[in-house]
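> Number 180 in our numbering belongs to position 59 of the sequence shown; there are no gaps in the numbering. Idealized CB from N, CA, C, for every residue including glycine.
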Amino acid sequence: MVGIEVQIQTVLLWILVLKLLQISLYPSLRGSLGDLAYPLSYPLSLLCFSLISWYLGFLHLPVAIAAVFFVLLCALMIIRREYRWSDLRPQLIWDGAFLVGFLYLLEIRIFNPAISFAEKFMDHAFLASVMRNPVAPPLDPWFAGGDLSIYYYLGHWFSGVLGIIVGGESSVVFNLMLPTIAGMAVVSAVACGYLLLPKYRWLPALILLLPNPAVLWHLIAGTPLASIPWESTRVIAGTINEYPIFSFFWGDPHAHILGIFNQILFVTLCLVMYLRYGDLDMRERLILAALLALSLGTMSGLNSWDVLLYAPFYCGVAILTALRYVKQDRRSWLPFLLVPPLSILAYAPLLLSIEGSGILGIGIVPEGSAITSFLLVHGFFIAIFLLYGWRVLHRYPWLLAIPMLMWYAGYGAAGIAILAALLIGLRREWKGEDILAIAGLLVITFCELIYLKDGMGVDYFRMNTVFKFYMGAWVMMGLAAAVIAGRWLSSLQLPRAIPMSLKWICISGVVICLLLIPAYIPLTYGYGSGTLDGAAWLGDRHPGDAAAIRYLGSLEGNLLIVEAIGDDYTYASRISSFTGIPTILGWPGHEIVWRSDDGWYSKRITDVRALYEDPGKSPALLEEYGITHIVVGAFEEEHYLVNLPKTGLILQFDEGGTAVYQVV
Numbered sequence: 122m123v124g125i126e127v128q129i130q131t132v133l134l135w136i137l138v139l140k141l142l143q144i145s146l147y148p149s150l151r152g153s154l155g156d157l158a159y160p161l162s163y164p165l166s167l168l169c170f171s172l173i174s175w176y177l178g179f180l181h182l183p184v185a186i187a188a189v190f191f192v193l194l195c196a197l198m199i200i201r202r203e204y205r206w207s208d209l210r211p212q213l214i215w216d217g218a219f220l221v222g223f224l225y226l227l228e229i230r231i232f233n234p235a236i237s238f239a240e241k242f243m244d245h246a247f248l249a250s251v252m253r254n255p256v257a258p259p260l261d262p263w264f265a266g267g268d269l270s271i272y273y274y275l276g277h278w279f280s281g282v283l284g285i286i287v288g289g290e291s292s293v294v295f296n297l298m299l300p301t302i303a304g305m306a307v308v309s310a311v312a313c314g315y316l317l318l319p320k321y322r323w324l325p326a327l328i329l330l331l332p333n334p335a336v337l338w339h340l341i342a343g344t345p346l347a348s349i350p351w352e353s354t355r356v357i358a359g360t361i362n363e364y365p366i367f368s369f370f371w372g373d374p375h376a377h378i379l380g381i382f383n384q385i386l387f388v389t390l391c392l393v394m395y396l397r398y399g400d401l402d403m404r405e406r407l408i409l410a411a412l413l414a415l416s417l418g419t420m421s422g423l424n425s426w427d428v429l430l431y432a433p434f435y436c437g438v439a440i441l442t443a444l445r446y447v448k449q450d451r452r453s454w455l456p457f458l459l460v461p462p463l464s465i466l467a468y469a470p471l472l473l474s475i476e477g478s479g480i481l482g483i484g485i486v487p488e489g490s491a492i493t494s495f496l497l498v499h500g501f502f503i504a505i506f507l508l509y510g511w512r513v514l515h516r517y518p519w520l521l522a523i524p525m526l527m528w529y530a531g532y533g534a535a536g537i538a539i540l541a542a543l544l545i546g547l548r549r550e551w552k553g554e555d556i557l558a559i560a561g562l563l564v565i566t567f568c569e570l571i572y573l574k575d576g577m578g579v580d581y582f583r584m585n586t587v588f589k590f591y592m593g594a595w596v597m598m599g600l601a602a603a604v605i606a607g608r609w610l611s612s613l614q615l616p617r618a619i620p621m622s623l624k625w626i627c628i629s630g631v632v633i634c635l636l637l638i639p640a641y642i643p644l645t646y647g648y649g650s651g652t653l654d655g656a657a658w659l660g661d662r663h664p665g666d667a668a669a670i671r672y673l674g675s676l677e678g679n680l681l682i683v684e685a686i687g688d689d690y691t692y693a694s695r696i697s698s699f700t701g702i703p704t705i706l707g708w709p710g711h712e713i714v715w716r717s718d719d720g721w722y723s724k725r726i727t728d729v730r731a732l733y734e735d736p737g738k739s740p741a742l743l744e745e746y747g748i749t750h751i752v753v754g755a756f757e758e759e760h761y762l763v764n765l766p767k768t769g770l771i772l773q774f775d776e777g778g779t780a781v782y783q784v785v
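1) Starting from the C-beta of K574, find all residues in its chain whose C-beta is less than 8 Å away, skip the five residues before and the five after it, and write them out in chain order.
2) Can you tell me which of L557, H181, D688, M403 puts its alpha carbon nearest to the alpha carbon of P255?
3) Go through its chain and collect everything with a Cβ distance to V587's Cβ below 6 Å, but skip five positions before and after it.
4) For the ligand FAD, any of its heavy atoms closer than 7 Å to the Cβ of I483?
5) Where do the N-terminal and C-terminal ends of the alpha helix (DSSP H) with F179 fall, by residue?
6) Is the CB-CB distance between V498 and I378 below 8 Å?
7) Three-state secondary structure (DSSP) at T645?
8) Taking only runs of the beta strand (DSSP E) that begin and end inside the region 242-313, which ones reach a length of at least 3 residues, in chain order?
9) Check the DSSP bridge columns for Y746 and list the partner residues they point to.
10) Opposite F774 in the DSSP bridges: which residues?
11) Assess, as a yes-or-no matter, whether the region 153-163 is touched by the region 297-308 under the definition of 3 or more beta carbon pairs within less than 8 Å.
12) Rounding to the nearest angstrom, what Cα-Cα distance links W206 and V251 in this structure?
13) Expressed to the nearest angstrom, what Euclidean distance is found between the alpha-carbon atoms of V311 and L154?
14) Look at L472 and L392 and say whether their C-beta atoms are less than 8 Å apart.
15) Looking only at its chain, what residues have a beta carbon closer than 6 Å to the beta carbon of G599, apart from the 5 residues adjacent to it on each side?
16) Measuring CA to CA, which of V282, I199, F774 is closest to L139?
17) Would you kindly work out how many angstroms separate the C-alpha atoms of A693 and V683, rounded to a whole number?
18) Just to confirm the assignment, what range does the beta strand (DSSP E) spanning K574 have?
19) Identify which residue in P487, I475, Y431, I492 has its Cα closest to the Cα of S464.
20) What residues in its chain sit with their C-beta under 7 Å from that of E554, if we drop five residues either side in the sequence?
21) Out of R730, G720, I686, T727, which one is the CA nearest neighbour of P709?
22) Tell me whether the region 756-763 and the region 638-657 touch, counting them as touching only if at least three CB pairs, one residue from each stretch, are closer than 8 Å.
23) Report the three-state DSSP secondary structure of T493 (helix, strand or coil).
24) Taking buried to mean at least 16 other C-beta atoms within 10 Å of its own C-beta, is Y529 buried or exposed?
25) Which parts of the region 376-459 are runs of the alpha helix (DSSP H), unbroken and 4 residues or longer, counting only runs that do not cross its ends?
26) Alpha carbon to alpha carbon, how far is L248 from T131? Give it in angstroms, no decimals.
27) With a CB to CB cut of under 6 Å and the five nearest residues on each side skipped, what residues in its chain are close to T442?
28) According to the neighbour-count rule (16 or more other Cβ atoms, all chains shown, within 10 Å of its Cβ), is R406 buried or exposed?
29) Cβ atoms of G489 and A535: under 8 Å apart, would you say?
30) Would you check if the distance between the CB atom of F279 and the CB atom of P374 is smaller than 8 Å?
31) Can you give the Cα-Cα distance for F219 and V308, rounded to whole angstroms?
32) Taking the beta strand (DSSP E) that G484 falls in, what are its first and last residues?
33) Since A538 is in the alpha helix (DSSP H), which residue starts that stretch and which ends it?
34) Straight-line CA distance for Q212 to V564?
35) Are Y321 and S611 touching if we call contact CB-CB under 8 Å?
36) Three-state secondary structure (DSSP) at T815?
Here it is, written out as structure tokens:
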């Protein structure tokens, strides 16, 4: 187990490095982003760090050079006297916003640190692979001889590189990934509120804490508390309906949640373009275009599904912006055109290397979601949008026929979303929140009518479409609903003088409740808590495996191991998952979805069995795959009749029932 002192040191160094990245970039953004430069330099600096370090890995150069770049940039800013205390002091509130998100998620991770269930094995395997051998694309720890060009891994990449720089253990860095995303998301959401709201500018950050209506329904229905989080994300049949706070509490740093901070950042940058474009000179517009391109381009490697939403979103906002400003300056359209090609060029080698099976086509949803289920997912937002636009019905009462006709056709849920979008659009005000609300409503309407085909099978044909697109829809609709609510609150005739003591009592009450939630919601699932070491539970449950993992992790060089193949979402592939060392085949269901099957599936399963059970075939197979070590533990004994060759192997490690043989 990683000692508590080492864990604290890792956390402090992690925060220090993130602060170094942010403060180094901040002065360069003041011209184009103005008062939003300080908060948005948090997520933008992380994206710049990701880009620089990725190219270093792609060129097989030391990735730590990326940190040196920011140190030199910071030194340059100091020499140029870009840092003035009178300027920085008012900005400290943004540091507080970042730390609120970071530290709250850090608390949650302490209550639920174990790399155990769900897809945590996969996400840690990616992270460990990056930290062990930081080349781009990283090696696939579950497919010897392959790499991760079949998946989006940039979130694991920049987390792994940060882990290398701070000298942390991967099992601890794993539990710093979501706190980092939460901190970046909070500061970006508050910046969006600062852009759109005169008061209550923190409201947009609540979309990261807000549960969906299904949670309230289950509380009323008396569903056991431990079951509510899971049940609230399996509302629409055959789909997954996650929302941010569930994903944060669940604790799996998967691509759909790792990308949420960049989604909020991109939306905010688009709205800066829409609302402030006329105030920028050409140089500042070009910088803004470059920032938009960086954010959009990163999506391809962070969570590729986001590109399918935000590329059209950008085009729509760019057109609206051009319509507002092109009459003032006919050259104003030039930066708009630069964003798409620059976003492609940002990670062009990554895009060219993608080899995954990807989307197999487009299908029509045969029957839409049940309206009750649909509202249990999106009801809070849709209620706000309908209230926001209800006056339009006085002018266009026939709009009520749309949901009725759609219901008759079997797509009543889509009809409700279309109605809400039309009510907002026909207001013809085209505020920032209007654009976001309409965009989000169009996304969930799309999911009701169309799905993108993949390899998820007949019963879950639209699972990925809904799963991945709903997070983007939550961001768009959530930000819009929060801003609308903020404007309503601003318009209320509240008492002018609310005692400061009452304000602090209310704030303290909310903070205490948030801090106590992780303590009273069962999050450990029997794996233990009170640490940031996600591998600590192995020492109690599987001490032999834990020792073998430490031993293999201490070895240098390009290793390849053999371990037993088991079912997905089980303890299978535990050695490769915790070391990042590639094995012949990890979770087979995941690999076949990513790669499709051209004959390797049955061959690798058969070959691994032969390696353990047939000493006559084993030497040739060891040479074919380039295996350096064979693992034999309780898991292998359960799956195979182990009969290794008597020669060509040296027992290098044997502890707690787990042995490691070196191939010679």
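Reading off the structure:
1) Counting only residues of its own chain and dropping the five nearest sequence neighbours on each side, K574 has a CB closer than 8 Å to the CB of I480, L481, G482, I483, G484, F582.
2) Nearest to P255 by alpha-carbon distance, out of L557, H181, D688, M403, is H181.
3) Around V587, the same chain offers T360, C568 as residues with beta carbons nearer than 6 Å, after the five sequence neighbours per side are excluded.
4) As far as ligands go, the structure on display features none, and thus does not contain the ligand FAD.
5) First-last of the alpha helix (DSSP H) with F179: 158-179.
6) Cβ atoms of V498 and I378: not closer than 8 Å.
7) Secondary structure of T645 (DSSP, three-state): coil.
8) Runs of the beta strand (DSSP E) lying entirely within the region 242-313 and spanning at least 3 residues: none are present.
9) By DSSP's assignment, Y746 forms no beta bridge with any residue.
10) Looking at the DSSP assignment, F774 forms a beta bridge with V781.
11) Yes: at least three Cβ pairs fall under 8 Å.
12) When rounded, the separation of the alpha-carbon atoms in W206 and V251 is 38 Å.
13) So the two alpha carbons sit approximately 15 Å from each other.
14) Not closer than 8 Å, so no.
15) Its chain contains I328 as the residues whose beta carbon lies nearer than 6 Å to that of G599, once the 5 sequence neighbours on both sides are disregarded; these appear in chain order.
16) When only C-alpha atoms are compared, the closest one is V282.
17) Cα-Cα distance, rounded: 12 Å.
18) Counting along the chain, the beta strand (DSSP E) containing K574 begins and ends at 571-574.
19) Among P487, I475, Y431, I492, the Cα nearest to that of S464 is on Y431.
20) Here the set comprises L317, A601, V604, I605.
21) The candidate whose alpha carbon is nearest that of P709 is I686.
22) In short, these stretches do not touch, since the Cβ pair count stays below three.
23) Helix, per DSSP.
24) So Y529 ends up on the exposed side.
25) Complete alpha helix (DSSP H) runs here, min 4: 376-379, 381-397, 403-423, 426-446.
26) Near 16 Å, if we compare the C-alpha coordinates of L248 and T131.
27) These residues qualify, in order along the chain: M394, Y395, Y398.
28) Counting Cβ neighbours within 10 Å, R406 comes out buried, since at least 16 surround it.
29) Result yes, Cβ atoms of A535 and G489 sit closer than 8 Å.
30) No.
31) So the two alpha carbons sit approximately 5 Å from each other.
32) 482-485 is the extent of the beta strand (DSSP E) around G484.
33) Boundaries of the alpha helix (DSSP H) harbouring A538: 533-546, taken from the DSSP string.
34) Computed Cα separation, rounded: 35 Å.
35) Taking the C-beta atoms as reference points, S611 is found nearer than 8 Å to Y321.
36) For residue 815 there is no data in the structure shown, the boundaries of the chain being 122 and 785.
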